[in-house]
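Read the structure below first, then the notes.
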Amino acid sequence: MGGIIFENVRIFDGAQLRPGIGAVRVEGQRIAEVAEGGRAVARQPGDRVIDGRGQTLMPGLVEAHAHLSWPSSVERFVPGMALPPEDLVLTTARNARILLDHGFTSAYSAGSLSKSVEVVLNGFIASGGMPGPRLIASSIERSPPQAGDELDPGQVAEHGSGPEAMRAFVKGCASIGAKSVKFLLSGEDALMPGASQQLLYTQEEASAAGEQARESGVWLACHAQASEAVKMGLRAGFRVLYHCTYADQEALDLLESKRDEVFIAPAIGIIQATLDASPPPHFDMSHMKRSAAEVMELQKKLVPELRRRGLKVLPGGDYGFPFNPNGRNARDLELFVRHFGYSAEEALSAATLLGGELMGMGDELGQVKPGFLADLLLVDGDPAADVTVLQDRGRLRAIMKDGRFHKDPALADL
Ligand SMILES: [Zn+2]
Numbered sequence: 270m271g272g273i274i275f276e277n278v279r280i281f282d283g284a285q286l287r288p289g290i291g292a293v294r295v296e297g298q299r300i301a302e303v304a305e306g307g308r309a310v311a312r313q314p315g316d317r318v319i320d321g322r323g324q325t326l327m328p329g330l331v332e333a334h335a336h337l338s339w340p341s342s343v344e345r346f347v348p349g350m351a352l353p354p355e356d357l358v359l360t361t362a363r364n365a366r367i368l369l370d371h372g373f374t375s376a377y378s379a380g381s382l383s384k385s386v387e388v389v390l391n392g393f394i395a396s397g398g399m400p401g402p403r404l405i406a407s408s409i410e411r412s413p414p415q416a417g418d419e420l421d422p423g424q425v426a427e428h429g430s431g432p433e434a435m436r437a438f439v440k441g442c443a444s445i446g447a448k449s450v451k452f453l454l455s456g457e458d459a460l461m462p463g464a465s466q467q468l469l470y471t472q473e474e475a476s477a478a479g480e481q482a483r484e485s486g487v488w489l490a491c492h493a494q495a496s497e498a499v500k501m502g503l504r505a506g507f508r509v510l511y512h513c514t515y516a517d518q519e520a521l522d523l524l525e526s527k528r529d530e531v532f533i534a535p536a537i538g539i540i541q542a543t544l545d546a547s548p549p550p551h552f553d554m555s556h557m558k559r560s561a562a563e564v565m566e567l568q569k570k571l572v573p574e575l576r577r578r579g580l581k582v583l584p585g586g587d588y589g590f591p592f593n594p595n596g597r598n599a600r601d602l603e604l605f606v607r608h609f610g611y612s613a614e615e616a617l618s619a620a621t622l623l624g625g626e627l628m629g630m631g632d633e634l635g636q637v638k639p640g641f642l643a644d645l646l647l648v649d650g651d652p653a654a655d656v657t658v659l660q661d662r663g664r665l666r667a668i669m670k671d672g673r674f675h676k677d678p679a680l681a682d683l
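Under the working numbering, think of the first position of the sequence shown as 270, with each following residue one higher.
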């Protein structure tokens, strides 16, 4: 079988827009050749040639904080977060397709509402049976038992308190095939005033989870707002830290000391969406809006400082709420430019090149380079100058994953 050639394209390679017009040849799952500066790639018999019309070819986007099971999407408004089990399964599969439709060829889960739906879905996607992004699948997000919770004896082992329960939970997630295990190390002000400063686990518990994760070959992610939660996660060997809003100097120093090992996603999308929301009168968001305003101001200072210290900060913004639906994910890139001082190219790079590293595939994903996996977008516009074009799925003329079109430009042009 022949390859696929994109010619007459501008190339954003994951780090920068290459000078001049170029061409890219894909063979099988991978990029075989990249030509720049007006050069052509070598054509081979059977190759299909696509005229890029001077549009931009770039790596597929990576969502660093995905909640595929959170119900609301740009295709379906769900007033709330709970769904009956069968609906939840189908909604999760649908949201996976929606992310891919919007240019996200990879997603790193930040937790699921179902124990195993993402793992099962990932099997379907990976085998070609369903459309969706490459997925680092997760199980449910773990928070500690609350006073009054009635755990049945089967649940106590994994969901009770103490280091052994933490180990059992991580082991349980690994045994069903989850790759990332998410913990709420601190609470969340948006849900309960003051909760962001509350630690939900002890260092001993977090460290036990870390030891078990290394033994089981899985990665840990955490919701960490309080400074002490950030430190706790770092000491325990967590790989992905979300939010980090209240990180103090000590937390920043500790983050910097682990800058080659950890990834941060501030999840600014949900904050902006909270500030923008105009809910119906019976739905009081005034507390959430106050909290979001505070977080926004802190994040505007935090993220530039994290970057100055060389940390890897990625777009990914808690999409899936009714007022922040799945499918709107590319807006995070715009928010990185608007609030954090990123250039368009820097925001693109965070969502592609760094995204490949986040997926644990930095040597084969997230860049337009020979040998890399052909997860590619052909964009009608110049995202390296204006990232907002990525929010219009009509401008994604082609979406390719693993060398196969999810959206074929020949069909897009009809
Ligand atoms: Zn989240």
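Heads up, the beta-carbon is just placed ideally off N, CA and C, and yes, glycines get one too.
Just so you know, these numbers come straight off a predicted model, no measurement behind them.
Exercise for the section: Indicate, with yes or no, if ligand 1 has a heavy atom lying under 7 Å from the CB of Tyr377. Expected result: Here residue 377 refers to the residue found at position 108 when the sequence shown is read from its first residue. Tyr377 Cβ: outside cutoff for every heavy atom of ligand 1.
Handout entry: Simplified DSSP state of Ser430, which is helix, strand or coil
Key = Taking the first residue of the sequence shown as position 1, residue 430 is located at position 161. Coil.
Exercise for the section: Could you tell me whether any non-hydrogen atom of ligand 1 is closer than 7 Å to the CB of Tyr588? Expected result: Within the sequence shown, numbered from 1, the residue matching residue 588 stands at position 319. For ligand 1, not one heavy atom lies less than 7 Å from the Cβ of Tyr588.
Handout entry: Between the CA atoms of Gln415 and Ala613 - distance to the nearest angstrom
Key = Numbered from its first residue, the sequence shown carries residue 613 at position 344. Numbered from its first residue, the sequence shown carries residue 415 at position 146. One C-alpha to the other measures close to 44 Å.
Problem - alpha helix (DSSP H) segments (min. 4 residues) lying fully within the stretch 583–670 - result: 600–609, 613–627
Practice task
Drop a sphere of 10 angstroms on the beta-carbon of Pro549, count the other beta-carbons inside from all chains shown, and report buried for 16 or more, exposed for fewer.
Solution key: Locating residue 549 in the sequence shown gives position 280, where the first residue counts as 1. With fewer than 16 other Cβ atoms within 10 Å, it is exposed.
Handout entry: Backbone CA spacing between Ser383 and Leu627 [nearest angstrom]
Key = One-based indexing of the sequence shown puts residue 383 at position 114. One-based indexing of the sequence shown puts residue 627 at position 358. Approximately 23 Å between the Cα atoms of the pair.
Practice task
Ignore the nearest five residues each way along the sequence and tell me which others in Phe438's own chain have a CB closer than 6 Å to its CB.
Solution key: Stepping through the sequence shown from its first residue, residue 438 is reached at position 169. If we look at Phe438 and ignore the five residues flanking it on each side, its Cβ neighbours are Arg411, Glu427.
Exercise for the section: Taking the CB atoms as reference points, tell me whether Tyr511 and Ala536 lie closer together than 8 Å. Expected result: Here residue 511 is taken as the residue at index 242 of the sequence shown, counted from 1. Here residue 536 is taken as the residue at index 267 of the sequence shown, counted from 1. Cβ atoms of Tyr511 and Ala536: closer than 8 Å.
Problem - Touch test, the stretch 276–296 against the stretch 579–593, Cβ-Cβ under 8 Å, three pairs minimum - result: no
Exercise for the section: May I ask you to report which of helix, strand or coil DSSP gives Thr325? Expected result: For the purposes of this step, residue 325 is identified with residue 56 of the sequence shown, where counting begins at 1. Reduced to three states, the DSSP call for Thr325 is strand.
Exercise for the section: Pair every Cβ in the stretch 369–383 with every Cβ in the stretch 327–345, then say whether three or more of these pairs are closer than 8 Å. Expected result: yes
Problem - Stretch-stretch touch, CB-based, cutoff 8 Å, three pairs: the stretch 298–315 with the stretch 596–609 - result: no
Exercise for the section: Can you give me the start and stop residues for the alpha helix (DSSP H) that Phe393 sits inside? Expected result: By 1-based counting over the sequence shown, the position of residue 393 is 124. Where Phe393 is concerned, the enclosing alpha helix (DSSP H) stretches over 386–395.
Exercise for the section: Please state if the CB of Leu665 and the CB of Pro328 are separated by a distance shorter than 8 Å. Expected result: As a position in the sequence shown, residue 328 is number 59, starting the count at 1. As a position in the sequence shown, residue 665 is number 396, starting the count at 1. In this structure, Leu665 does not lie closer than 8 Å to Pro328 by Cβ.
Practice task
Assign His675 to one of two classes, buried (16 or more other C-beta atoms within 10 Å of its C-beta) or exposed (fewer than that).
Solution key: Taking the sequence shown and counting its residues from 1, one reaches residue 675 at position 406. Label assigned to His675: buried.
Practice task
Could you check which residue in Gly429, Glu473, Arg279 has the C-alpha nearest to that of Ala505?
Solution key: The residue labelled residue 505 in the question sits at position 236 within the sequence shown. For Ala505, the nearest C-alpha among the options comes from Glu473.
Handout entry: Beta-carbon contacts of Ala304 that lie in its chain and below 6 Å, excluding the five residues immediately before and after
Key = By 1-based counting over the sequence shown, the position of residue 304 is 35. Cβ neighbours of Ala304 beyond the five flanking positions: Gly291, Ala292, Val310.
Exercise for the section: Give me the Cα-Cα distance between Val388 and Arg366, rounded to the nearest whole angstrom. Expected result: As a first step, residue 388 is located in the sequence shown; it is residue number 119 there, counting from the start. As a first step, residue 366 is located in the sequence shown; it is residue number 97 there, counting from the start. When rounded, the distance between both Cα atoms is 15 Å.
Practice task
For Ser378, name the three-state secondary structure that DSSP assigns.
Solution key: The sequence position of residue 378 within the sequence shown is 109, counting from 1. Strand.
Problem - Three-state secondary structure (DSSP) of Ile533 - result: Along the sequence shown, one-based indexing puts residue 533 at 264. Residue state, collapsed to three classes: strand.
Handout entry: Pick from Arg528, Glu519, Pro353, Val564 that is closest to Gln541, judged by C-alpha positions
Key = Indexing the sequence shown from 1 puts residue 541 at position 272. Residue Val564 is the option with its Cα nearest to Gln541.
Exercise for the section: Give the range of the beta strand (DSSP E) segment to which Leu489 is assigned. Expected result: On the sequence shown, residue 489 is found 220 positions in, with the first residue counted as 1. Where Leu489 is concerned, the enclosing beta strand (DSSP E) stretches over 488–493.
Practice task
Report, in whole angstroms, the separation of the C-beta atoms of Ile274 and Val318, which I expect to be a contact under 8 Å.
Solution key: Position 5 of the sequence shown, counting from 1, holds the residue named residue 274. Position 49 of the sequence shown, counting from 1, holds the residue named residue 318. Sure, about 5 Å apart at Cβ, within 8 Å.
Problem - For Leu454 and Asp517, the rounded distance between their alpha carbons - result: Sequence index remark: in the sequence shown, residue 517 carries index 248 (1-based). Sequence index remark: in the sequence shown, residue 454 carries index 185 (1-based). Roughly 16 Å separates the two Cα atoms.
Problem - Ile668 versus Ile409 - alpha carbon distance - result: The sequence position of residue 668 within the sequence shown is 399, counting from 1. The sequence position of residue 409 within the sequence shown is 140, counting from 1. Going from the Cα of Ile668 to the Cα of Ile409 covers about 30 Å.
Problem - Segment contact, 8 Å Cβ cut-off, at least three pairs: the stretch 464–481 with the stretch 516–535 - result: no
Handout entry: 4 or more residues per run - each alpha helix (DSSP H) lying fully within the stretch 454–521
Key = 472–485, 496–505
Practice task
Count the other CB atoms, across all protein chains shown, that sit within 10 Å of the CB of Asp545; report buried if there are 16 or more and exposed otherwise.
Solution key: As a working mapping, residue 545 is identified with position 276 in the sequence shown. When all chains shown are included, Asp545 counts as exposed.
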